[in-house]
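Colleague:
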Amino acid sequence: MNNPDIQQLTDQELLQRFKADNNSDWIGVLFDRYAVLLLGMCMKYLKNEEDARDAVQQIFLKMLSDINKHEIQYFRAWIYQVTKNYCLMQLRQKHMKYKEEISDKHMGGIAAEEEDKRVFQEKDILLENMGQAINLLNPEQKVCVQLFYLQKKSYQEIADQTGYNLLQVKSYIQNGKRNLKLLLEKQQRANKS
Numbered sequence: 315m316n317n318p319d320i321q322q323l324t325d326q327e328l329l330q331r332f333k334a335d336n337n338s339d340w341i342g343v344l345f346d347r348y349a350v351l352l353l354g355m356c357m358k359y360l361k362n363e364e365d366a367r368d369a370v371q372q373i374f375l376k377m378l379s380d381i382n383k384h385e386i387q388y389f390r391a392w393i394y395q396v397t398k399n400y401c402l403m404q405l406r407q408k409h410m411k412y413k414e415e416i417s418d419k420h421m422g423g424i425a426a427e428e429e430d431k432r433v434f435q436e437k438d439i440l441l442e443n444m445g446q447a448i449n450l451l452n453p454e455q456k457v458c459v460q461l462f463y464l465q466k467k468s469y470q471e472i473a474d475q476t477g478y479n480l481l482q483v484k485s486y487i488q489n490g491k492r493n494l495k496l497l498l499e500k501q502q503r504a505n506k507s
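For any residue, its number in my numbering is found by taking its place in the sequence shown, counting from 1, and adding 314.
#1: Using the three-state DSSP reduction, which class does T476 fall into: helix, strand or coil?
#2: Using DSSP with H/G/I as helix, E/B as strand and the rest coil, what is Q488?
#3: Hey, out of D474, L405, S485 and R347, whose CA is closest to Q321's CA?
#4: For L353, name the three-state secondary structure that DSSP assigns.
#5: Relative to the C-alpha of Q446, which candidate in E499, I472 and L480 has its C-alpha closest?
#6: Using a 10 Å radius around the Cβ and a threshold of 16 neighbouring Cβ atoms, would you call G477 buried or exposed?
#7: Within 10 angstroms of the Cβ of L451, are there 16 or more other Cβ atoms? Answer buried if so, exposed if not.
#8: In or out: V350 buried (at least 16 other Cβ within 10 Å) or exposed?
#9: May I ask you to report which of helix, strand or coil DSSP gives T324?
#10: Tell whether a beta-carbon distance below 8 Å holds between L494 and V459.
#11: Decide yes or no for the touch test of the region 378-389 against the region 350-362: beta carbon pairs closer than 8 Å, at least 3 of them.
#12: Using CA atoms only, rank isn't needed, just tell me which of R367, Q502, L480 and L497 is closest to E436.
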């Protein structure tokens, strides 16, 4: 339905037409309007593009089956809520599955518990060493590495925030990462001796 007249219809008009003739093309037009917004929302919650794309497809199918069950006043708010609820349910299911895996692992008894304790201690030491190593980087590398890896900023966002150009940002991150690795290896050797 690429007819420009159809694109001019409001969300409410498209909903009314769907309820009148049950033609899913009306919902398709509505869905196309919000697909990018929904994908962005799903990415925000699920943190994985493939999962987000799958979620958007599932939400579309859910929308088709649920739309007649609800009196929808504001489609945008409704689809936003449906998407949010769907994503939260996915996260909850993932969390429950993770808890079950952890529980199963712990059924292995004391040996598994000791192993977990050792792994956590190693991670704590690594994190502490990482913090110390970051502080040893030169100021440009330190700020770029922190913004990129810890605050998940893009190269462009870092360039905008720091005033460095993109090549400098990439270089500082690359060199900072290499230097961090060297510093951590040095600290590891020192801890073992």
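All C-beta atoms, glycine included, are put in the ideal place defined by N, C-alpha and C. If you're wondering where the values come from, they're calculated on a predicted model, not measured in any experiment.
Modeller: A quick look at the data gives this:
#1: Start at 1 with the first residue of the sequence shown, and residue 476 comes out as number 162. Of the three classes helix, strand and coil, the one that applies to T476 here is helix, per DSSP.
#2: Against the sequence shown, residue 488 aligns to sequence position 174. Three-state DSSP puts Q488 in a helix.
#3: In the sequence shown, counting from the first residue as 1, residue 321 sits at position 7. Nearest C-alpha to Q321: R347.
#4: As a working note, residue 353 is residue 39 in the sequence shown. Note: L353 maps to helix in three-state DSSP.
#5: For the purposes of this step, residue 446 is identified with residue 132 of the sequence shown, where counting begins at 1. The shortest Cα separation from Q446 among E499, I472 and L480 belongs to E499.
#6: Reading the sequence shown from its first residue, position 163 is the one you call residue 477. Result: exposed.
#7: The residue labelled residue 451 in the question sits at position 137 within the sequence shown. Buried, since its Cβ has 16 or more Cβ neighbours within 10 Å.
#8: Taking the sequence shown and counting its residues from 1, one reaches residue 350 at position 36. So V350 counts as exposed.
#9: Looking up residue 324 in the sequence shown gives position 10. In this structure, T324 counts as coil in the three-state DSSP scheme.
#10: Taking the sequence shown and counting its residues from 1, one reaches residue 494 at position 180. Taking the sequence shown and counting its residues from 1, one reaches residue 459 at position 145. Their beta carbons are under 8 Å apart, which means L494 touches V459 by this criterion.
#11: no
#12: Counting from one through the sequence shown, the residue named residue 436 turns up at place 122. Residue Q502 is the option with its Cα nearest to E436.
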